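Undergrad: Residue numbers (mature numbering (1 follows the signal peptide of the UniProt record, and there is no 0)): -29 to -1, 1 to 778.
Idealized CB from N, CA, C, for every residue including glycine.
Note that the coordinates shown come from a computational prediction; the quantities given were computed from them, not determined experimentally.
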Amino acid sequence: MATPGRGRTLPYRIEHFIVLLCVSHLVSGQIRYSIPEEMKTGAFVGNIAEDLGFEIGKLSARKCRLVSDNGKQYFEVNLENGILFVNERMDRDRLCGESSTCFISFEVMMENPLEMYRVEVEILDINDNSPSFPEGGFALRVAESIAPGARFPLESAHDPDVGSNTVSTYQISANDFFGLKVQTRSSGMKVIELLLEKPLDQEEQSTIQLVLTAVDNGNPQRTGKATITISVLDINDNVPIFDREVYKVSLTENAPAGTFVIKVNAVDSDEGTNAEVTYSFSNRASQHVRELYSLDPKTGEMRVEGVLDFERSPVYELDVQAVDKGTPPMAGHSSIHIRLIDVNDNPPKIQLTSVSSSVQEDAAPGTIIAVISVTDADSGKNAQVNCQVPTNIPFKLQKMSENQFKLVTTGRLDREKFHVYNIPILAWDSGSPPLSSNKTLLVTVSDINDNAPRFDQSSYTAYVMENNAPGDSILSVTVWILNLDQNSHVSYSILENPIQGMTSFPYISVDSKSGNIYALRSFDYERLKHFQIQVQARDSGSPSLSSSAAVNVIILDQNDNAPAVVSPVTRNGSATVGPVPQSAPAGYLVTKVMATDADSGQNARLSYQMLKATDPSLFSLGRNSGEIRVSRSLLDKDGTKQSLLVLIRDNGQPSLSATVTVIVPIMANLTGPEFEHSNLLQTSEGFSHLNLYLIITFATTSFVFLLTIIVLIAIKCRQDHNFTDGYKSEFCCCRWRNSRESFTRRSAPRESLNYDGVMDGAPIPGSYSYRYCLSPESVKSDFLFLKAYNSSLPQSTLRITDHKTNK
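Structure below.
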């Protein structure tokens, strides 16, 4: 049982290395246990709840679980009592090989709130293996001529255990010739050599039997034995000697097969065949080493044969020998130390521990989505890892520890824009070139009611023909719904909006589900031409959201009103107009028939037609103006009373009409030419009524102004009659004035005629006279004329007269 303890000797131990990181409710820490290997399934390891300070009853509620680094569950936790126990039997030798330490790591994860603790369980070695030597023992052939001090390497015993449980000492059985020399290399491996302490004598003893014993330091202590058979030979008494006792070389782990490693060289002092050597790996070289490297027996060149892996073994120590061809053959020994250089050949490994695969779109920034662990099997700089997610998404990574990250939100999410995120997670190491790996995390965004229904138009226009049937559909409105489920259920309603001082509800209704708008009554264009209502759409979310749109209802006119005569005033469908003088010329305006139509547009466009007349040739009717004019001169035989039946028709479909009977009395001639020019102006059919009225107004004003001028001039003529010598004629008021008399009687400079080149104020001789005249003709046409009496005086008759001397 692994139990914690302080200052006491216990079979197993627990070591606490707890570091808490408080970031957004996430707690991280570390705890370590130590247990021996080969423990049975269900064996107690430790109490997680007590060691971490948890309440045992909450382990199940907080979903306590173990997350293994390599995916294999060697341990489990009992959620009822918090005890960590062995789930699978572990062989340390198989798990960690000859490594001095052996750890199995996993994460203890708690939810609500999220807490993570890293647990490392050290697997302690037990002395369950005895040292062993190669089968058959050792056989050596030693020449009797070899001097004391010669060493003969022996293959070390193999013990899968580590630490104190592996081989600690070697012993050799008692004898007179050989001793045992043990050396410990830097890797901790013990190398044994048989040391010749006394010269051999083949004639005295040709074979020597020794027993080699390997002893470990375990409890209980275990041993392994091997027999050494030494044959004492004669003659060849020099062994090959390598030029180096140890060869050291560095090699990259990705070196391909055939790569040159090193060349060994040994020299034998003998001659002939006794000096010819061949190279080979010694018996201490394992089969695995022989698969990775090859040694040329003639040249001594060593090359890569298999696939090297720094992560499996960073250092190789190989023993080589050079054997001559003497009789007996002699062997020299050396070792090659190969140090592998790590290359970046392992990409990072990403492990996702998902906290939540769904997040609400109103989640606060900093909400934890997942915890990510990144590991790299390389070493040094090649094992330093980085991790990132794209910057154009509302998520980011925050570092928790050396190889752990958490994925959190960075801003508010919007499900209507992105309802799901495929978040690519990229991890890369710091090697050269760097290696990378990636994984994709799927995160869905759950909906909240954050979008009001939106009409596809801000305002609508519905056209309804008047006299419609109640219940007719006039328009259908729709909305865009961005939310989901209950938040997407919409109901429509009409907002209160007065129409002509009344509520809108008796006029319009809307289907709450479909959005179809119906007319509840028949509309009359002449009473109501248009109105506006507000349609509201409200969702079923909590809280519910709504929006509204204006609907402009336009009532279209229908030709349902006949024209009505407004002028002249009618009684019982007939009207009598002012008398027409018998002397009225052609074109004389008799009257103007005017009518109105309550409809609009083409339905109110009227035309006039004469259906019947006492004398159809006597009068004409303007089709568009409604003006009745005299078509020809009236004759004595024409009746004194004319009757005209006028039809007024609108332009609707179907057309509606009205009639009026116009009675025109004919009056006997009047003296005077007062009708000479009157009523002669005819309005073109193309003129509008406004243009005609403007022309009549302008003509009347001009006539009054002209008449006023004539009256003023006539009064002026009468006032000047007593001072004028001249001639009078009928319809004429003239005044003759002699220029000489004018200048002698009056010296007013204003009556002088001045010309260029003549002295200022010089009178003109009496041979020049002028008159001014008003006549009925001038009143009609010329208005006012200055007429020269002698307009062609020669220039020689002009002379300068002194005002004082009259000369």
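Rounding to the nearest angstrom, what Cα-Cα distance links A423 and L413 in this structure?
TA: In the sequence shown, residue 423 corresponds to position 452, counting from 1. In the sequence shown, residue 413 corresponds to position 442, counting from 1. Distance between the alpha carbons of A423 and L413 is about 28 Å.
Undergrad: Out of V536, R498 and S513, state which residue places its alpha-carbon closest to the alpha-carbon of I525.
TA: On the sequence shown, position 554 is the one that residue 525 refers to. Measuring from the Cα of I525, the nearest candidate turns out to be R498.
Undergrad: For a test of the three-state rule: what should DSSP assign to I488, helix, strand or coil?
TA: The residue labelled residue 488 in the question sits at position 517 within the sequence shown. If DSSP states are grouped into helix, strand and coil, I488 belongs with the strands.
Undergrad: Report the residue from T178, V113 and K196 whose alpha carbon sits nearest the alpha carbon of V138.
TA: Numbered from its first residue, the sequence shown carries residue 138 at position 167. Measuring from the Cα of V138, the nearest candidate turns out to be K196.
Undergrad: According to DSSP, is Q331 helix, strand or coil?
TA: Taking the first residue of the sequence shown as position 1, residue 331 is located at position 360. Strand at Q331.
Undergrad: Note down the Cα distance separating D172 from R122, rounded to an integer number of angstroms.
TA: Here residue 172 is taken as the residue at index 201 of the sequence shown, counted from 1. Here residue 122 is taken as the residue at index 151 of the sequence shown, counted from 1. Each residue's Cα considered, the two are about 17 Å apart.
Undergrad: Take the Cβ of D418 as the centre, count every other Cβ of all protein chains shown within 10 Å, and call the residue buried at 16 or more, exposed below.
TA: The sequence position of residue 418 within the sequence shown is 447, counting from 1. Under this definition D418 is a buried residue.
Undergrad: Under 8 Å by Cβ, that's how I've got L618 and Q580 pegged, so tell me the actual separation to the nearest angstrom.
TA: Translated into positions along the sequence shown, residue 618 becomes position 647. Translated into positions along the sequence shown, residue 580 becomes position 609. So it is a contact: roughly 5 Å between Cβ atoms.
Undergrad: So who's on the other strand from F674, going by DSSP bridges?
TA: For the purposes of this step, residue 674 is taken as the residue at position 703 of the sequence shown. Paired residue(s): none; F674 is not in a bridge.
Undergrad: Any beta carbon of chain D sitting closer than 8 Å to that of L165?
TA: Structure shown: chain D not included; a single protein chain is present.
Undergrad: Which residue spans inside the segment 408 to 457 form an unbroken beta strand (DSSP E) run of at least 3?
TA: Given a length threshold of 3 residues, each whole run of the beta strand (DSSP E) inside the segment 408 to 457 is given here in chain order: 430 to 436 and 444 to 447.
Undergrad: Determine the direct distance from the alpha carbon of N374 to that of D347, and round the result to whole angstroms.
TA: In the sequence shown, counting from the first residue as 1, residue 347 sits at position 376. In the sequence shown, counting from the first residue as 1, residue 374 sits at position 403. Taken atom to atom, the span from the alpha-carbon of D347 to that of N374 is near 9 Å.
Undergrad: Please confirm whether S545 and I634 have their CB atoms less than 8 Å apart.
TA: For the purposes of this step, residue 545 is identified with residue 574 of the sequence shown, where counting begins at 1. For the purposes of this step, residue 634 is identified with residue 663 of the sequence shown, where counting begins at 1. Yes, the Cβ-Cβ distance between S545 and I634 is below 8 Å.
Undergrad: Scan the segment 256 to 290 and note each continuous alpha helix (DSSP H) run of 4 residues or more that stays entirely inside, going in chain order.
TA: Counting whole runs of 4 or more residues, the segment 256 to 290 contains the alpha helix (DSSP H) stretches 258 to 263.
Undergrad: For the alpha helix (DSSP H) holding E86, just list the boundary residues, first then last.
TA: For the purposes of this step, residue 86 is taken as the residue at position 115 of the sequence shown. E86 -> not in any alpha helix (DSSP H); beta strand (DSSP E) instead, spanning E86 to L95.
Undergrad: What separation, rounded to the nearest whole angstrom, lies between the Cα atoms of I117 and R310?
TA: Residue 117 sits at position 146 when you count from the first residue of the sequence shown. Residue 310 sits at position 339 when you count from the first residue of the sequence shown. The straight-line gap from Cα to Cα measures roughly 35 Å.
Undergrad: Taking its Cβ as the centre, do 16 or more other Cβ atoms sit within 10 Å of F676, making it buried, or is it exposed?
TA: Here residue 676 refers to the residue found at position 705 when the sequence shown is read from its first residue. So F676 ends up on the exposed side.
Undergrad: Using alpha carbons as the reference points, say which of V391, P285, D290 and D333 lies closest to S251.
TA: Counting from 1 along the sequence shown, the entry for residue 251 is found at position 280. Selected option, being the one with the closest Cα: D290.
Undergrad: Rounded to whole angstroms, what is the Cα-Cα separation between K563 and G442?
TA: To locate residue 563, count along the sequence shown from 1; it is residue 592. To locate residue 442, count along the sequence shown from 1; it is residue 471. Straight-line Cα distance between these residues: approximately 46 Å.
Undergrad: Identify which residue in I19, T12 and G610 has its Cα closest to the Cα of A639.
TA: The residue labelled residue 639 in the question sits at position 668 within the sequence shown. For the residues I19, T12 and G610, the minimum Cα distance to A639 belongs to G610.
Undergrad: List the residues that DSSP assigns as beta-bridge partners of C358.
TA: In the sequence shown, the residue the question calls residue 358 occupies position 387. For C358, which the question treats as bridged, DSSP gives the partners A398.
Undergrad: Below 8 Å between beta carbons: does that hold for K320 and V342?
TA: On the sequence shown, position 349 is the one that residue 320 refers to. On the sequence shown, position 371 is the one that residue 342 refers to. In this structure, V342 does not lie closer than 8 Å to K320 by Cβ.
Undergrad: With C-beta atoms as the reference, is I212 less than 8 Å away from V235?
TA: Reading the sequence shown from its first residue, position 241 is the one you call residue 212. Reading the sequence shown from its first residue, position 264 is the one you call residue 235. Contact: no.
Undergrad: Kindly confirm or deny that the segment 619 to 627 and the segment 572 to 579 touch, where touching means at least three C-beta pairs closer than 8 Å.
TA: yes
Undergrad: Distance check for F426 and I452, CA to CA, integer angstroms please.
TA: Position 481 of the sequence shown holds residue 452. Position 455 of the sequence shown holds residue 426. In a straight line, the C-alpha of I452 is about 9 Å away from that of F426.
Undergrad: What is the C-beta distance between N487 and Q503, in whole angstroms, given that I count them as a contact (C-beta under 8 Å)?
TA: Counted from its first residue, the sequence shown places residue 487 at position 516. Counted from its first residue, the sequence shown places residue 503 at position 532. The beta carbons of N487 and Q503 sit about 18 Å from each other, so the pair does not count as a contact at 8 Å.
Undergrad: Under the three-state reduction of DSSP, which class applies to R498: helix, strand or coil?
TA: Taking the first residue of the sequence shown as 1, we reach residue 498 at position 527. Under the three-state reduction of DSSP, R498 is assigned to coil, being neither helix nor strand.
Undergrad: Going by beta carbon distance, what residues of the same chain come within less than 8 Å of P268, once the five residues before and after it are set aside?
TA: As a position in the sequence shown, residue 268 is number 297, starting the count at 1. If the five residues before and after P268 are omitted, its C-beta is found closer than 8 Å to the C-beta atoms of T249, Y250 and S251, all from its own chain and listed in chain order.
Undergrad: Would you mind stating whether N339 and V326 have Cβ atoms separated by less than 8 Å?
TA: Taking the first residue of the sequence shown as position 1, residue 339 is located at position 368. Taking the first residue of the sequence shown as position 1, residue 326 is located at position 355. Looking at the sequence provided, one finds Ile at residue 339 rather than Asn. Cβ distance < 8 Å, so I339 and V326 count as in contact.
Undergrad: Grouping DSSP H, G and I as helix and E and B as strand, with all else coil, what is T668?
TA: Locating residue 668 in the sequence shown gives position 697, where the first residue counts as 1. T668: helix per DSSP, three-state reduction.
Undergrad: Please look up how many angstroms separate the CB atoms of residue 792 and S101, rounded, as I've assumed it's under 8 Å.
TA: Given a span of -29 to 778 for the chain in the structure shown, any question on residue 792 remains unanswerable.
Undergrad: Per the DSSP calculation, G197 is bridged to which residue(s)?
TA: Locating residue 197 in the sequence shown gives position 226, where the first residue counts as 1. At residue 197 the sequence reads Ala, which differs from the Gly that was named. A197 is bridged to L183.
Undergrad: Assuming contact is defined by CB atoms lying nearer than 8 Å, are residue 782 and S39 in contact in what I supplied?
TA: No answer is possible for residue 782: the residues shown for the chain start at -29 and end at 778.
Undergrad: Report the rounded CA-to-CA distance for N190 versus N98, giving the unit in angstroms.
TA: What you label residue 190 is simply residue 219 of the sequence shown in a count that begins at 1. What you label residue 98 is simply residue 127 of the sequence shown in a count that begins at 1. Cα to Cα, N190 sits roughly 7 Å from N98.
Undergrad: With a threshold of 16 other CB atoms inside 10 Å of the CB of A293, please say whether the residue is buried or exposed.
TA: Position 322 of the sequence shown holds residue 293. Classification of A293: buried, given that the 10 Å Cβ count is 16 or more.
Undergrad: Could you tell me the distance, in whole angstroms, from the CA atom of A520 to the CA atom of S485?
TA: The count along the sequence shown starts at 1 and reaches residue 520 at position 549. The count along the sequence shown starts at 1 and reaches residue 485 at position 514. For A520 and S485, the distance between alpha carbons rounds to 15 Å.
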